[in-house]
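Be aware that the sequence shown starts at -14, since it is given in the numbering used here, and climbs by one per residue.
Beta carbons: idealized from backbone N, C-alpha and C, even for Gly.
All of these numbers come straight from a predicted model, not from anything done at the bench.
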Amino acid sequence: MKMLKKLAALILAATMVLVLFTACGGDTTSTPEAQAEAQMMSTINAKRGSAVQLCNDTELKQEAEKFLDSAVDINTGAWKIYNAIDVHRDDNGIYTAKVVVKNEYTGKLLEEFFKLVNNKDKNVNINAVGKWTKVGVAAKTVKGNMYIAIVVQVNPNA
């Protein structure tokens, strides 16, 4: 009987671990774009430390894809707008920051994101990743160059 209880506990623990690892999962990361998105989400969650881990929010990912399409010409790969940055605040005090960067910063994309947003809008401390409530990441390859768009919602009161 003791052996059966131990086996049941082991199966339960293994199931919980599998659920934990697949909770933020979605598609398999087979494409370079999906791998870049997963890597960026991993970096964001690593920066959050003990804060609740964020998933690539579907709604914000779609917003990131639209922002990326508005910033980069699909036919030429050229920037359509000079600064691919947008920061705004809603009536509830929640900031939404959007940025598109070319994936050439090798591991420093998040720092580049902080720098770009903080230079654009001094009223929001985007570095406080613990106050991020939602995040969406989208990547796209255009003319051999990969671009990554990040959309973050920040609640300064969180």
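Tell me whether residue i is buried or exposed, calling it buried when 16 or more other Cβ atoms sit within 10 Å of its Cβ.
i: valine 137; result: buried
i: lysine 128; result: exposed
i: methionine -12; result: exposed
i: glycine 34; result: exposed
i: isoleucine 59; result: exposed
i: asparagine 77; result: exposed
i: valine 37; result: exposed
i: asparagine 130; result: exposed
i: asparagine 41; result: buried
From the DSSP secondary-structure annotation, give me the bridge partner or partners of residue i.
i: alanine 134; result: Val85 and Ala123
i: asparagine 41; result: Val120
My assumption, with CB atoms under 8 angstroms, is that residue i sits in contact with residue j. Please give the rounded CB distance.
i: leucine 134; j: glutamate 18; result: A small correction: the amino acid at residue 134 is alanine; leucine does not occupy that position in the sequence shown. Incorrect: roughly 11 angstroms between the Cβ atoms, too far for contact.
i: alanine 56; j: valine 122; result: Their Cβ separation, rounded to whole angstroms, is 15 angstroms, which puts alanine 56 and valine 122 out of contact at 8 angstroms.
i: alanine 21; j: asparagine 88; result: 6 angstroms
i: leucine 45; j: tyrosine 132; result: No, leucine 45 and tyrosine 132 are not in contact; Cβ-Cβ is about 17 angstroms, not under 8 angstroms.
Name the two residues that bound the continuous beta strand (DSSP E) containing residue i.
i: isoleucine 70; result: 70 to 74
What first and last residue would you give for the alpha helix (DSSP H) that runs through residue i?
i: lysine 65; result: Per DSSP, lysine 65 belongs to no alpha helix (DSSP H) and is neither H nor E.
i: alanine 21; result: 17 to 33
Based on Cα-Cα distance, which residue from the options lies nearest to residue i?
i: aspartate 71; options: Ala63, Val84 and Gln47; result: Val84
i: alanine 23; options: Val139, Trp64, Val120 and Phe52; result: Val120
i: alanine 82; options: Asn60, Gly62, Ile(-4) and Trp117; result: Trp117
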